[in-house]
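K.L.:
Structure below; questions to follow.
In the working numbering, the protein residues as written are 2 to 732.
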């Protein structure tokens with residue numbers, strides 16, 4: 002077949018068809034003849050393409066309602082209808098009645114969303130003969146992402162379908178003779194004594210092309226013939242066929258795109274083997290890839306895509322026009338996707354894209370580059386003050402919560418890295434690389450931050466990537482350890498609980514501080530596994546201590562990341578951990594930050610209430626460092642309120658901090674909350690907090706964080722001292 006999908010020619014064809022189709026967005030009107038002629042005229046301009054298409058691909062163009070606007074010669078040839086009989090009709094004219102309504106509905110639902118649909122369709126020609134076509138339907142969408150035209154590309158697979166039916170009937174009648182002359186690849190798979198799938202034969206001309214003939218595949222397993230990835234795909238589908246299903250799937254092998262159908266074979270009511278029939282659909286697959294590749298806009302956000310970005314940047318570079326290259330990345334997007342699902346993630350990207358479009362200038366360019374990355378180009382805007390204002394304006398789109406439903410919404414943040422042409426790069430790769438360095442420097446600084454590239458950032462990015470890579474296997478390699486910092490009850494002067502604190506001992510990096518690896522874990526999504534590991538191991542350790550009776554039973558507190566606490570399945574996970582470890586719910590306390598509460602208030606309220614019903618305590622951590630509004634405190638059924646250590650340590654040095662501590666304790670008492678003060682480092686602060694009626698304290702004055710053995714030793718020593726004191730009092 003001719004390679005008619007040349008980049009420039011086919012792009013111009015598609016663009017010309019788009020222009021022609023804009024005239025018909027309302028359907029067929031009085032000027033229908035003129036419109037049809039326009040489409041014909043466009044296609045005839047591309048005579049080489051048209052000839053190649055008519056020789057191999059069945060083409061039909063319809064409007065949004067499904068009315069046929071154009072068909073090529075191949076369509077008329079296979080359907081036995083002439084153009085006059087087809088134009089203005091819908092595809093019902095060739096409906097075979099083979100497919101049920103759910104099949105048709107699924108197809109229409111897909112293309113009406115602006116998505117490409119592909120599948121096998123059985124049609125009926127004018128003379129009553131049936132034929133099968135492998136079909137790809139490509140929607141063309143307007144600025145509102147509503148399809149106004151559909152182009153269907155089809156290839157005739159009737160022979161393959163008929164051969165499948167003939168194949169089953171010929172299994173016991175000279176099967177090999179029948180299939181050896183077929184253009185398909187026909188094979189038989191069964192299970193050996195070990196339960197592994199093995200091939201019995203492979204015949205057909207396609208089998209010869211793929212190197213999968215009988216003498217090469219006999220009694221071999223998929224893993225002996227294919228890569229692990231393809232072998233796993235094949236075995237998965239063979240398993241489905243062995244359950245009695247007729248299975249269809251595609252895969253690429255040796256520069257061929259293969260469509261395979263599996264049919265189970267029964268003997269005495271049992272499936273004894275499966276027969277497969279494969280067709281080469283490489284040409285249709287390449288056509289679909291070309292249509293997708295030639296699209297200049299992202300289907301989700303309607304923003305220009307990577308290809309358009311490359312073209313625009315190359316044009317600016319050719320003109321030697323200076324410009325600023327801004328890379329904007331959403332913080333913790335993978336976490337959000339994993340926690341709330343891709344539907345929420347897609348909605349978030351669409352919302353942010355819309356907001357960004359609203360704040361850029363008329364001469365600026367914005368693109369969706371990949372995933373959660375957006376690129377903004379500012380031509381001739383290289384003054385640092387101007388760039389700072391522009392970056393701040395872009396980040397202002399994150400000031401408003403992204404609402405997914407009436408009850409679910411999130412405050413998210415973004416980070417921006419900036420590189421300049423020609424100062425920081427002479428091509429898109431170097432500009433992207435240096436903007437990426439700057440973006441990670443911004444992430445390291447804080448959320449909703451921006452940075453302009455400088456050379457020192459490259460080393461910081463390498464550190465980030467190194468930690469990111471090592472974090473992936475830290476749990477499996479048993480590199481994490483829990484330390485425990487005790488809390489003192491100021492009323493009883495006894496240890497009332499302890500906070501579980503994570504420590505990472507890496508064989509190469511050494512001891513990595515939490516403030517260095519936790520933000521990276523949150524950004525990459527590893528925090529979900531880490532939080533679960535901490536929670537489970539803290540419960541396991543506290544259960545051991547509770548059973549050892551080394552002292553009174555203690556409450557262990559565990560910090561939970563905002564994304565995990567907002568996850569719909571979080572409370573179920575906590576319940577499962579408690580059941581698995583056997584720890585009493587009353588001996589567990591979960592600490593969440595103010596940001597967690599504000600980001601997703603309604604969902605958090607539900608989670609807190611559920612945890613309280615289980616008997617688990619919940620505390621608000623680092624209180625005073627978040628939002629100024631205290632309205633949420635009266636809505637949440639918290640048990641404890643932890644005063645941030647930054648206020649506690651400066652109580653005697655800054656009267657403002659003393660006033661804040663007093664106010665927080667008074668507020669907590671009025672709301673029936675117990676107060677825990679962090680960062681207590683001397684006796685004067687302890688006595689002051691006692692006078693202010695603080696309930697518990699935590700800090701180096703009581704103890705530094707201790708390993709499990711050291712914590713246990715401390716508790717045994719305290720128990721022994723208490724026993725000696727009681728003994729002394731009784732004598």
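C-beta: ideal position from N, C-alpha, C; glycine also.
Would you mind giving the Cβ-Cβ distance between residue 345 and residue 337, rounded to the nearest angstrom? I have them listed as a contact below 8 Å.
P.N.:
With 8 Å as the limit, residue 345 and residue 337 qualify as a contact, their Cβ atoms being about 7 Å apart.
K.L.:
Whole angstroms is fine: what's the gap from residue 716's alpha carbon to residue 239's?
P.N.:
Their backbone Cα atoms lie some 60 Å apart in a straight line.
K.L.:
By the DSSP assignment, the beta strand (DSSP E) with residue 142 in it spans what residues?
P.N.:
Unbroken beta strand (DSSP E) run through residue 142: 131–142.
K.L.:
So, for residue 1: in the same chain, excluding its five sequence neighbours on each side, which residues have a beta-carbon less than 6 Å away from its beta-carbon?
P.N.:
Past the boundaries of the shown model lies residue 1; the chain is included only from 2 to 732, so the question cannot be answered.
K.L.:
Buried or exposed: where does residue 387 fall if 16 or more other Cβ atoms within 10 Å of its Cβ makes it buried?
P.N.:
Burial call: exposed.
K.L.:
Taking its Cβ as the centre, do 16 or more other Cβ atoms sit within 10 Å of residue 279, making it buried, or is it exposed?
P.N.:
Looking at its Cβ environment, which holds 16 or more other Cβ atoms inside 10 Å, residue 279 is buried.
K.L.:
According to the neighbour-count rule (16 or more other Cβ atoms, all chains shown, within 10 Å of its Cβ), is residue 718 buried or exposed?
P.N.:
By the neighbour-count rule (16 or more Cβ atoms within 10 Å), residue 718 is not buried but exposed.
K.L.:
Please classify residue 275 as buried or exposed, where buried requires at least 16 other C-beta atoms within 10 Å of its C-beta.
P.N.:
By the 10 Å Cβ count, residue 275 comes out buried.
K.L.:
Taking only the alpha-carbon atoms, compute the straight-line gap between residue 610 and residue 638 and give it to the nearest angstrom.
P.N.:
Going by the C-alpha atoms only, they are around 7 Å apart.
K.L.:
Scan the region 491–540 and note each continuous alpha helix (DSSP H) run of 4 residues or more that stays entirely inside, going in chain order.
P.N.:
Here the runs fully enclosed are 515–525.
K.L.:
Could you tell me whether the region 313–328 touches the region 425–439, using the rule of 3 or more Cβ pairs below 8 Å?
P.N.:
These segments touch.
K.L.:
If we count the other Cβ atoms within 10 Å of its Cβ and call it buried at 16 or more, is residue 109 buried or exposed?
P.N.:
Classification of residue 109: exposed, given that the 10 Å Cβ count is below 16.
K.L.:
Starting from the Cα of residue 142, find the closest Cα among 288, 87, 207, 299 and give me that residue.
P.N.:
The shortest C-alpha separation from residue 142 is found at 299.
K.L.:
Shortest alpha-carbon distance to residue 193 belongs to which of 696, 209, 223?
P.N.:
If we check each option's Cα against that of residue 193, 223 comes out closest.
K.L.:
Identify every residue that forms a DSSP beta bridge with residue 104.
P.N.:
Answer is none; residue 104 lacks a bridge partner.
K.L.:
Between which two residues does the beta strand (DSSP E) carrying residue 150 extend?
P.N.:
Looking at the DSSP string, the run of the beta strand (DSSP E) that includes residue 150 is 148–157.
K.L.:
If I follow the unbroken alpha helix (DSSP H) through residue 230, where does it start and stop?
P.N.:
Start and end: 229–242.
K.L.:
Cα-Cα, which of 355, 697, 595, 284 is closest to residue 157?
P.N.:
Looking at the Cα atoms, 284 is the closest of the given residues.
K.L.:
On a Cα-Cα basis, can you pick out the residue from 296, 139, 588, 399 that is closest to residue 155?
P.N.:
Considering only alpha carbons, the answer is 139.
K.L.:
Suppose contacts are defined by Cβ-Cβ distances below 8 Å. Is residue 676 in contact with residue 642 by that definition?
P.N.:
Yes.
K.L.:
Starting from residue 60, trace the beta strand (DSSP E) both ways and give me its first and last residue.
P.N.:
59–64 is the extent of the beta strand (DSSP E) around residue 60.
K.L.:
Is it a yes or a no for the region 581–594 touching the region 542–551, going by three-plus beta-carbon pairs under 8 Å?
P.N.:
These segments touch.
K.L.:
Could you name the residues of the same chain whose beta carbon sits closer than 6 Å to that of residue 660, not counting the 5 residues immediately before and after it, in chain order?
P.N.:
Closer than 6 Å at the Cβ level, and outside the excluded window around residue 660, lies no residue.
K.L.:
Could you check the C-alpha separation between residue 28 and residue 146 for me, to the nearest Å?
P.N.:
With a pLDDT of only 46 at residue 28, under 50, the local geometry of the prediction cannot be trusted, and no value is derived from it.
K.L.:
Is the CB-CB distance between residue 134 and residue 59 below 8 Å?
P.N.:
Yes, these two residues count as a Cβ contact at 8 Å.
K.L.:
Starting from the Cα of residue 214, find the closest Cα among 186, 664, 237 and give me that residue.
P.N.:
For the residues 186, 664, 237, the minimum Cα distance to residue 214 belongs to 186.
K.L.:
Check whether the Cβ atoms of residue 376 and residue 370 sit closer than 8 Å, and answer yes or no.
P.N.:
In contact: residue 376 and residue 370 (Cβ atoms closer than 8 Å).
K.L.:
Given this structure, state the Cα-to-Cα distance separating residue 513 from residue 531, to the nearest angstrom.
P.N.:
Approximately 15 Å between the Cα atoms of the pair.
K.L.:
Pairs of beta-carbons, one from the region 434–443 and one from the region 405–421, closer than 8 Å: are there three or more?
P.N.:
Judged by Cβ distances under 8 Å, the region 434–443 makes contact with the region 405–421, as three or more pairs qualify.
K.L.:
In its own chain, which residues sit with a C-beta less than 7 Å from the C-beta of residue 539, not counting the 5 before and 5 after it?
P.N.:
If we look at residue 539 and ignore the five residues flanking it on each side, its Cβ neighbours are 483, 501, 557, 559.
K.L.:
Just to confirm, are residue 688 and residue 701 a CB contact at a threshold of 8 Å?
P.N.:
Cβ distance not < 8 Å, so residue 688 and residue 701 don't count as in contact.
K.L.:
Compute the distance between the beta-carbons of residue 97 and residue 151, then report whether it is under 8 Å.
P.N.:
Their beta carbons are not under 8 Å apart, which means residue 97 does not touch residue 151 by this criterion.
K.L.:
What's the C-alpha gap between residue 202 and residue 100?
P.N.:
Going from the Cα of residue 202 to the Cα of residue 100 covers about 32 Å.
K.L.:
Mind checking which residues open and close the alpha helix (DSSP H) that includes residue 203?
P.N.:
Here residue 203 belongs to no alpha helix (DSSP H); instead the beta strand (DSSP E) covers 198–204.
K.L.:
Can you give me the C-alpha to C-alpha distance between residue 6 and residue 161, rounded to a whole angstrom?
P.N.:
Residue placement at residue 6 cannot be trusted, given a pLDDT of 39 that sits under 50; what the coordinates show is reported in the next sentence. Each residue's alpha carbon lies about 25 Å from the other.
K.L.:
According to DSSP, is residue 400 part of a helix, a strand, or is it coil?
P.N.:
Here residue 400 sits in coil by DSSP.
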